[in-house]
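See below for the structure under consideration.
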Amino acid sequence: MTGAGGGAGAVPAVRPDAAAASSCGFGAFVARARAAGTLVVQPRMGMADPLRMRDGLRATRDAKAVTVGTVTLDSYTRTGDLEAARRALAEGVGLNGYPIATHPADTTRAVLRGVADARFPVQVRHGSAMPEHIVRALLAVGLDATEGGPVSYCLPYSRTPLREAVAAWQRSCELLASTREYGAEPHLETFGGCLMGQLCPPSLLIAVSVLEALFFRQHGLTSVSLSYAQQADPRQDEEALTVLGRLAGELLPDVDHHVVLYAYMGVFPRSPGGARLLLEDAARLAVRAGAARLIVKTTAEAHRIPTVGENVRALETAAAAAAGEGSRPAPTAVRGPHAVRGPHAADRLDRLDLLDGLEALDVADTGIEAEARALIGAVLELDADVGRALVRAFAAGYLDVPYCLHPDNAGRARTSLASDGRLLWSSVGSMPIAGLADDGPRPPILGSAGLISALSHVQRTYDDRAADPSAVAPSAAAAAASGGVPGTPRTSVPPPTTSTPRRELGLTT
């Protein structure tokens, strides 16, 4: 494929630019930060103008935090309508992201030159069900980190048949994996833990995240990350992230991997204070539950596309909250039949009571792990090829995404939101998880008014908290209950940032 002025086809599609490829190791960078006890924070950022995109990357790199860069693509590139992207650039029409397959490859190399390196790797984010043209374009400019998945970028965002998306993602994984021949270590992040953004119970998010990561490994990737989106109840999220990390360690033992948490992806608080509180809680959650990277949101999220400055402030706010959470004394581990222990003990030995060498985060077992294991197992039993198994699983209703209207989704599963914010199944359809987390009668299926109320639950909760500065964050109450240090009332002023200097996360010998 060839973009304007030579575009992605200017160099062989599967051979990355040698200088850039040798210096950008996304997974390795995150691993070094994790070993240093620092949460990596990352914005969503994409501008069509190359100079503005470069300025955004530089500002992200220079933030008072340990960061990785993002190049988010425009909608035309996501859907493969490159002619429309070319027209928009020629006519000066605004785009909602960076058209990597349309700008000449030399232009994008100039955007990255002197910015993207081992101390500041850059990931391409896109949202495409059919991403081959995007993978070819990013490889042509020397990048080798991206994200998505055959399910997570098909069902919520397109009408593309799932079978076609699986085939396209197989080819894309193989393109990425081919760069290892030239000394690169490409990285692919599954978006499976973010299906629909909200109102999807954790067990399904975990199952799809793990299954997509297994798909990536099957097609040659050896560095992956597994996503999970913050929901409405921090204790449920702690359990979910702990389970995700444990299953990843168990099922991907031969793959470099980490967990990435997304700050809440639903209706965001309208007040700056409420938005800041929600982001801070996401950062604290990431630290408590062992996530290595956090995708941030800004105080402008409910109103418009954020500026570069707002993104930088969000990065620094999240880093400060994470540093504060990391400095809390660790609770004493309590072993028991209902304990769910965290995944990354080897990376945080200084904070552990070394009972069985497991992380000292204990959360109630509400059945998330049993459901996730049942879903993963049912899918993998359908076919030795993970892609074919995914197609068959959706056809049989063994995987069923609530409120997803894609033709290949059964559409029988429904959820409800408890008063404390926990996500519960109202109907599991044909998924093989009935009775695995039986806490009594299932809540009723939401009507239109109940659905609207559930969708705005987090926004209302955090805006109300921001309006009452004496309120104590739920995460502080949870910390106190588990033996940590209770939090103090939150204010609208973020605490000072402390983070590992970026120079300590550079190339190692």
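Residue 2 is where the sequence shown starts when you use my numbering, and the numbers rise one by one after that.
Note that CB positions come from ideal geometry on N, CA and C, so glycine has one too.
**Message:** If you reduce the DSSP assignment to three classes, tell me which class ARG294 lands in.
**Reply:** By 1-based counting over the sequence shown, the position of residue 294 is 293. Correct three-state label for ARG294: strand.
**Request:** Could you name the residues of the same chain whose beta carbon sits closer than 7 Å to that of ARG59, not counting the 5 residues immediately before and after it, in chain order?
**Result:** Position 58 of the sequence shown, counted from the start, is the residue given in the question as residue 59. Excluding sequence neighbours, ARG59 sits near VAL116.
**Prompt:** Can you tell me whether ILE453 is buried or exposed, with buried defined as 16 or more other CB within 10 angstroms of its CB?
**Reply:** Residue 453 sits at position 452 when you count from the first residue of the sequence shown. Looking at its Cβ environment, which holds fewer than 16 other Cβ atoms inside 10 Å, ILE453 is exposed.
**Asked** Which stretch, first to last residue, makes up the alpha helix (DSSP H) that contains VAL380?
**Response** For this step, residue 380 is matched to residue 379 along the sequence shown. 369–381 is the extent of the alpha helix (DSSP H) around VAL380.
**Item:** Backbone CA spacing between ALA290 and HIS259 [nearest angstrom]
**Value:** Counting from 1 along the sequence shown, the entry for residue 290 is found at position 289. Counting from 1 along the sequence shown, the entry for residue 259 is found at position 258. Computed Cα separation, rounded: 12 Å.
**Message:** Does the segment 163–183 come into contact with the segment 227–245, if we say contact requires no fewer than three beta-carbon pairs (one atom in each stretch) closer than 8 Å?
**Reply:** no
**Prompt:** If you follow the beta strand (DSSP E) that THR73 is part of, which residue opens it and which one closes it?
**Reply:** Start at 1 with the first residue of the sequence shown, and residue 73 comes out as number 72. Note, THR73: beta strand (DSSP E), 70–73.
**Prompt:** Is ILE135 closer than 8 Å to ALA168 when the C-beta atoms are compared?
**Reply:** Locating residue 168 in the sequence shown gives position 167, where the first residue counts as 1. Locating residue 135 in the sequence shown gives position 134, where the first residue counts as 1. Contact: no.
**Message:** Output needed for ARG271: all residues of its chain with C-beta closer than 7 Å, excluding positions within five of it in sequence on either side, in chain order.
**Reply:** Translated into positions along the sequence shown, residue 271 becomes position 270. Same-chain partners within the cutoff: ALA303, GLN460, ASP464.
**Asked** Hey, how far is the Cα of ALA146 from the Cα of LEU295?
**Response** Taking the first residue of the sequence shown as position 1, residue 146 is located at position 145. Taking the first residue of the sequence shown as position 1, residue 295 is located at position 294. So the two alpha carbons sit approximately 16 Å from each other.
**Asked** Is DSSP giving GLY149 helix, strand or coil here?
**Response** In the sequence shown, counting from the first residue as 1, residue 149 sits at position 148. Note: GLY149 maps to strand in three-state DSSP.
**Asked** Does the beta-carbon distance from ALA293 to ALA34 come in below 8 Å?
**Response** Within the sequence shown, numbered from 1, the residue matching residue 293 stands at position 292. Within the sequence shown, numbered from 1, the residue matching residue 34 stands at position 33. Going by C-beta atoms, ALA293 is nearer than 8 Å to ALA34.
**Message:** Let me make sure I understand the geometry here. Which of ALA450, CYS155, ALA283, GLY143 has the alpha-carbon closest to that of PHE395?
**Reply:** Within the sequence shown, the letter at position 394 stands for residue 395. Looking at the Cα atoms, CYS155 is the closest of the given residues.
**Message:** Contact between the segment 362–380 and the segment 201–211 is defined here as three or more beta-carbon pairs at a separation below 8 Å; is this criterion met?
**Reply:** yes
**Item:** Minimum length 3: unbroken beta strand (DSSP E) runs contained in the segment 177–249
**Value:** 188–191, 224–230
**Message:** Between SER179 and chain B, is any beta-carbon pair separated by less than 8 Å?
**Reply:** Chain labels in this structure do not include chain B; a single protein chain is all it has.
**Message:** Pairs of beta-carbons, one from the segment 250–259 and one from the segment 318–331, closer than 8 Å: are there three or more?
**Reply:** no
**Message:** Rounded to whole angstroms, what is the Cα-Cα separation between VAL42 and TYR263?
**Reply:** On the sequence shown, position 41 is the one that residue 42 refers to. On the sequence shown, position 262 is the one that residue 263 refers to. Taking the straight line joining both Cα atoms gives about 10 Å.
**Request:** Using 10 angstroms around the beta-carbon of ALA421, count the other beta-carbons present and answer buried if the total reaches 16, otherwise exposed.
**Result:** Walking along the sequence shown from the start, residue 421 turns up at place 420. Note on identity: in this sequence residue 421 is Asp, with Ala being the wrong assignment. Exposed is the call here.
**Request:** Determine the contact status of LEU383 and ARG393, defining contact as a CB-CB distance below 8 Å.
**Result:** Start at 1 with the first residue of the sequence shown, and residue 383 comes out as number 382. Start at 1 with the first residue of the sequence shown, and residue 393 comes out as number 392. Yes; because the gap between Cβ atoms is below 8 Å, this pair is in contact.
**Asked** How is HIS1 classed by DSSP in three states: helix, strand or coil?
**Response** The requested residue 1 is not part of the displayed model; the chain covers only 2 to 510.
**Prompt:** For LEU74 versus GLY57, is the C-beta spacing smaller than 8 Å?
**Reply:** Taking the first residue of the sequence shown as position 1, residue 74 is located at position 73. Taking the first residue of the sequence shown as position 1, residue 57 is located at position 56. No, Cβ-Cβ distance for LEU74 and GLY57 is not below 8 Å.
**Item:** Limits of the beta strand (DSSP E) - the one that SER427 falls within
**Value:** Position 426 of the sequence shown, counted from the first residue, corresponds to residue 427. Looking at the DSSP string, the run of the beta strand (DSSP E) that includes SER427 is 424–428.
**Request:** Would you mind sorting SER173 into buried or exposed? The rule is 16 or more other CB atoms within 10 Å of its CB.
**Result:** Translated into the one-based positions of the sequence shown, residue 173 becomes position 172. SER173 should be labelled buried.
**Request:** Tell me whether LEU262 sits in a helix, a strand or coil according to DSSP, three-state version.
**Result:** In the sequence shown, residue 262 corresponds to position 261, counting from 1. In the structure shown, LEU262 sits in a strand (DSSP, three-state: E or B).
**Message:** So, with DSSP's three-state summary, where would you put ALA365?
**Reply:** Working through the sequence shown from its first residue, we reach residue 365 at position 364. Looking at ALA365 - three-state DSSP - the assignment turns out to be strand.
**Asked** Can you round the beta-carbon distance between VAL313 and ALA64 to whole angstroms, since I take them to be within the 8 Å contact cut?
**Response** Locating residue 313 in the sequence shown gives position 312, where the first residue counts as 1. Locating residue 64 in the sequence shown gives position 63, where the first residue counts as 1. About 5 Å; that satisfies the 8 Å criterion.
**Cut-off 6 Å between Cβ atoms - residues of its own chain near PRO273, not counting five sequence neighbours on either side** = Within the sequence shown, the letter at position 272 stands for residue 273. Excluding positions up to five away in sequence, the list reads THR300.
**Prompt:** How should THR71 be labelled, buried or exposed, when 16 other C-beta atoms within 10 angstroms of its C-beta is the threshold for buried?
**Reply:** Stepping through the sequence shown from its first residue, residue 71 is reached at position 70. Classification of THR71: buried, given that the 10 Å Cβ count is 16 or more.
**Item:** For PHE121, three-class secondary structure by DSSP
**Value:** The residue you call residue 121 lines up with position 120 of the sequence shown. If DSSP states are grouped into helix, strand and coil, PHE121 belongs with the strands.
**Message:** Within the continuous beta strand (DSSP E) that includes VAL42, where are the two ends?
**Reply:** Here residue 42 corresponds to residue number 41 of the sequence shown, with the count starting at 1. First-last of the beta strand (DSSP E) with VAL42: 41–43.
**Message:** I'd like to check one pair, LEU278 with ARG443: are the Cβ atoms closer than 8 Å?
**Reply:** As a working note, residue 443 is residue 442 in the sequence shown. As a working note, residue 278 is residue 277 in the sequence shown. In this structure, LEU278 does not lie closer than 8 Å to ARG443 by Cβ.
**GLY436, buried or exposed, once every other Cβ within 10 Å from all chains shown has been counted against 16** = Residue mapping note: residue 436 aligns to position 435 of the sequence shown, counting from 1. Counting Cβ neighbours within 10 Å, GLY436 comes out exposed, since fewer than 16 surround it.
**Prompt:** Do LEU196 and VAL211 have their CB atoms nearer than 8 Å?
**Reply:** In the sequence shown, the residue the question calls residue 196 occupies position 195. In the sequence shown, the residue the question calls residue 211 occupies position 210. Taking 8 Å as the Cβ cut-off, LEU196 and VAL211 do not qualify as a contacting pair.
**Residue environment, GLU251, which counts as buried when at least 16 other CB atoms sit within 10 Å** = To locate residue 251, count along the sequence shown from 1; it is residue 250. Exposed.
**Asked** Alpha carbon to alpha carbon, what distance is there between GLY184 and SER457?
**Response** On the sequence shown, residue 457 is found 456 positions in, with the first residue counted as 1. On the sequence shown, residue 184 is found 183 positions in, with the first residue counted as 1. The straight-line gap from Cα to Cα measures roughly 47 Å.
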